[in-house]
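In the numbering used here, the protein residues as written are 13 to 343.
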């Protein structure tokens with residue numbers, strides 16, 4: 013248990029909520045025992061929930077949620093700007109300083125485009141930094157002088173580099189990396205150093221619906237809108253933070269039912285789901301919701317533990333939560 017960070021973590025979560033509320037987001041409670049609609053890119057890291065081996069309790073396989081994204085998306089046409097806060101459960105096999113079995117996510121979805129999405133992410137991160145600086149003027153919340161100085165240097169607008177540009181930049185730095193490869197945490201650090209140790213966006217990842225003539229490793233969540241100005245790319249981004257690395261995954265969403273289903277069926281995620289005994293029926297309620305009508309929208313998930321890493325200045329994610337849990341440790 014990390015007792016020393018409790019006050020700071022509390023203030024960080026409070027600041028995150030305040031940042032969203034000030035910008036008109038409505039908090040929504042989403043389910044945490046779900047079908048595959050609660051999965052991120054990799055359904056193989058879902059925790060199955062069952063009280064018996066025959067799965068009779070729910071009538072189908074059920075899982076601990078990794079994301080509330082699709083549930084938030086369903087509410088965008090009516091509420092316009094929504095968010096949720098809660099745990100994300102990942103059956104991560106790796107025991108290291110970057111991964112946890114359970115961690116807090118704040119997620120947003122709103123009626124708007126990709127450029128506005130990046131602005132919302134910047135406003136969320138800088139809003140937290142500014143509120144922490146203000147609170148620290150009147151009370152000690154456990155943030156060091158070095159941390160506060162780093163927060164003061166946080167810019168309002170973050171550098172942005174496309175995935176293609178990031179690959180070229182890493183090659184210039186001597187990295188043996190090819191287009192289509194994932195960008196590892198070590199390479200994220202090189203990009204952060206290149207941009208003066210500030211948060212940086214990597215945008216416009218390869219579109220998995222397009223035949224690139226090779227297998228692409230860097231496939232994100234299936235529901236990403238193609239970039240009309242850059243064929244073969246999608247309107248998606250990752251925010252990379254010092255210490256925390258990849259901390260915010262985001263994209264403009266496909267809101268037409270037939271297009272969304274086509275992307276889902278073509279995704280690696282869906283192929284993995286079929287091997288697990290799942291089917292398109294796992295997404296039936298969401299597909300039905302889109303058929304009723306949706307609007308252009310975008311959203312993201314804020315990995316709060318990694319954001320806390322950046323604020324605290326620690327490279328070990330276990331120091332960014334009060335009760336760390338991974339495959340080697342459950343309490």
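A virtual CB, placed ideally from N, CA and C, is assigned to each residue, including glycine.
All values derive from a computational prediction rather than experimental measurement.
Identify the continuous beta strand (DSSP E) that holds residue 265 and give its terminal residues.
Mapped onto the chain shown, residue 265 falls at position 253. Per DSSP, residue 265 is one residue of the beta strand (DSSP E) stretching across 257-265.
Should residue 325 and residue 115 be called a contact, given that it needs their Cβ atoms to be closer than 8 Å?
Residue mapping note: residue 325 aligns to position 313 of the chain shown, counting from 1. Residue mapping note: residue 115 aligns to position 103 of the chain shown, counting from 1. Going by C-beta atoms, residue 325 is not nearer than 8 Å to residue 115.
3-residue-minimum beta strand (DSSP E) runs that sit fully inside the region 277-303, ordered along the chain
DSSP assignment within the region 277-303 yields no whole beta strand (DSSP E) run of 3 residues or more.
Quick one: grab the DSSP three-state call for residue 272.
Against the chain shown, residue 272 aligns to sequence position 260. Three-state DSSP puts residue 272 in a helix.
Environment of residue 294 [buried if 16+ CB atoms lie within 10 Å]
Translated into positions along the chain shown, residue 294 becomes position 282. Residue 294 is buried by the Cβ-count criterion.
Would you call the CB atoms of residue 176 and residue 229 closer than 8 Å?
As a position in the chain shown, residue 176 is number 164, starting the count at 1. As a position in the chain shown, residue 229 is number 217, starting the count at 1. No, they are not a contact pair.
Go ahead and pull the three-state DSSP assignment for residue 13.
Numbered from 1 along the chain shown, position 1 holds the residue referred to as residue 13. The predicted model places residue 13 with a pLDDT of 45, which falls under 50 and marks its position as unreliable; any figure quoted below should be read in that light. In the three-state DSSP reduction, residue 13 falls in the coil class, being neither helix nor strand.
So, are the CB atoms of residue 6 and residue 134 less than 8 Å apart?
In the structure displayed, the chain extends from 13 to 343; residue 6 sits before or after that span and is not available.
Reduced DSSP category for residue 172 - H, G, I as helix; E, B as strand; rest coil:
Working through the chain shown from its first residue, we reach residue 172 at position 160. Correct three-state label for residue 172: strand.
Would you mind sorting residue 132 into buried or exposed? The rule is 16 or more other CB atoms within 10 Å of its CB.
By one-based count along the chain shown, residue 132 stands at place 120. Around the CB of residue 132, 16 or more other CB atoms lie within 10 Å, so the residue is classed as buried.
Out of 180, 43, 91 and 209, state which residue places its alpha-carbon closest to the alpha-carbon of residue 36.
Numbered from its first residue, the chain shown carries residue 36 at position 24. The shortest C-alpha separation from residue 36 is found at 91.
So what does DSSP say about residue 150, is it helix, strand or coil?
To locate residue 150, count along the chain shown from 1; it is residue 138. Here residue 150 sits in coil by DSSP.
Whose C-beta lies closer than 7 Å to the C-beta of residue 13 among residues of the same chain, with five residues either side of it excluded?
By one-based count along the chain shown, residue 13 stands at place 1. Unreliable placement is indicated for residue 13, whose pLDDT of 45 sits below 50; the coordinate value is still reported in the next sentence. Hits under 7 Å: 334 and 335.
I believe residue 48 touches residue 42 by the beta-carbon criterion, under 8 Å. Please report the beta-carbon distance rounded to the nearest angstrom.
To locate residue 48, count along the chain shown from 1; it is residue 36. To locate residue 42, count along the chain shown from 1; it is residue 30. Contact doesn't hold; Cβ gap of about 15 Å is too wide.
Straight-line Cα distance separating residue 128 from residue 2
In the structure displayed, the chain extends from 13 to 343; residue 2 sits before or after that span and is not available.
Can you list, in chain order, the residues of its chain whose CB lies under 7 Å from that of residue 118, leaving out five sequence neighbours each side?
Position 106 of the chain shown, counting from 1, holds the residue named residue 118. Taken in chain order, the residues that qualify are 28, 95, 97, 314 and 316.
Should the region 58-68 be regarded as contacting the region 266-279, the criterion being three or more beta carbon pairs within less than 8 Å?
Contact fails: fewer than three Cβ-Cβ distances are below 8 Å.
Taking 8 Å as the cut-off, does the region 16-27 touch the region 134-144 (at least 3 CB pairs, one atom from each stretch)?
Cβ pair count under 8 Å is three or more, so yes.
Just list the residues that DSSP pairs residue 217 with in beta bridges.
For this step, residue 217 is matched to residue 205 along the chain shown. Looking at the DSSP assignment, residue 217 forms no beta bridge with any residue, so it has no partner.
Does the pairing of the region 237-253 with the region 218-229 give three or more beta-carbon distances under 8 Å?
Yes, the region 237-253 is in contact with the region 218-229.
Stretch pair the region 278-289 + the region 248-258: three plus CB contacts closer than 8 Å:
No: fewer than three Cβ pairs fall under 8 Å.
Sequence-distant residues of the same chain with beta carbon closer than 7 Å to residue 124, five excluded per side
Along the chain shown, one-based indexing puts residue 124 at 112. Excluding the 5 residues flanking it on each side, residue 124 has same chain C-beta neighbours closer than 7 Å at 309 and 310, in chain order.
For residue 141, three-class secondary structure by DSSP
The residue labelled residue 141 in the question sits at position 129 within the chain shown. Three-state DSSP puts residue 141 in a helix.
Indicate whether residue 323 and residue 163 have their beta-carbon atoms separated by less than 8 Å.
The count along the chain shown starts at 1 and reaches residue 323 at position 311. The count along the chain shown starts at 1 and reaches residue 163 at position 151. Yes, these two residues count as a Cβ contact at 8 Å.
Sequence-distant residues of the same chain with beta carbon closer than 8 Å to residue 104, five excluded per side
Along the chain shown, one-based indexing puts residue 104 at 92. Counting only Cβ-Cβ distances below 8 Å, and skipping sequence neighbours, we find 57, 111, 112, 113, 338 and 339.
Cβ pair residue 81, residue 121 closer than 8 Å:
Looking up residue 81 in the chain shown gives position 69. Looking up residue 121 in the chain shown gives position 109. Yes, the pair counts as a contact, with Cβ atoms nearer than the cut-off.
Can you grab the Cα-Cα spacing for the pair residue 350 / residue 73, in whole Å?
In the structure as shown, the chain starts at 13 and stops at 343, and residue 350 therefore has no counterpart that could be examined.
For residue 89, which residues of its own chain have a beta-carbon under 7 Å away from its beta-carbon, when the five flanking residues on both sides are left out?
What you label residue 89 is simply residue 77 of the chain shown in a count that begins at 1. Answer for residue 89: 305, 306 and 307, listed in chain order.
Three-way DSSP call (helix, strand, coil) for residue 34 in this model:
By one-based count along the chain shown, residue 34 stands at place 22. Here residue 34 sits in helix by DSSP.
Look up residue 245 in the DSSP assignment and say whether it is helix, strand or coil.
Locating residue 245 in the chain shown gives position 233, where the first residue counts as 1. Here residue 245 carries a strand assignment [DSSP, helix/strand/coil].
Candidates 321, 303, 343 and 263: which alpha carbon is nearest residue 52's?
Position 40 of the chain shown, counted from the first residue, corresponds to residue 52. Taking only the C-alpha atoms, the option nearest residue 52 is 263.
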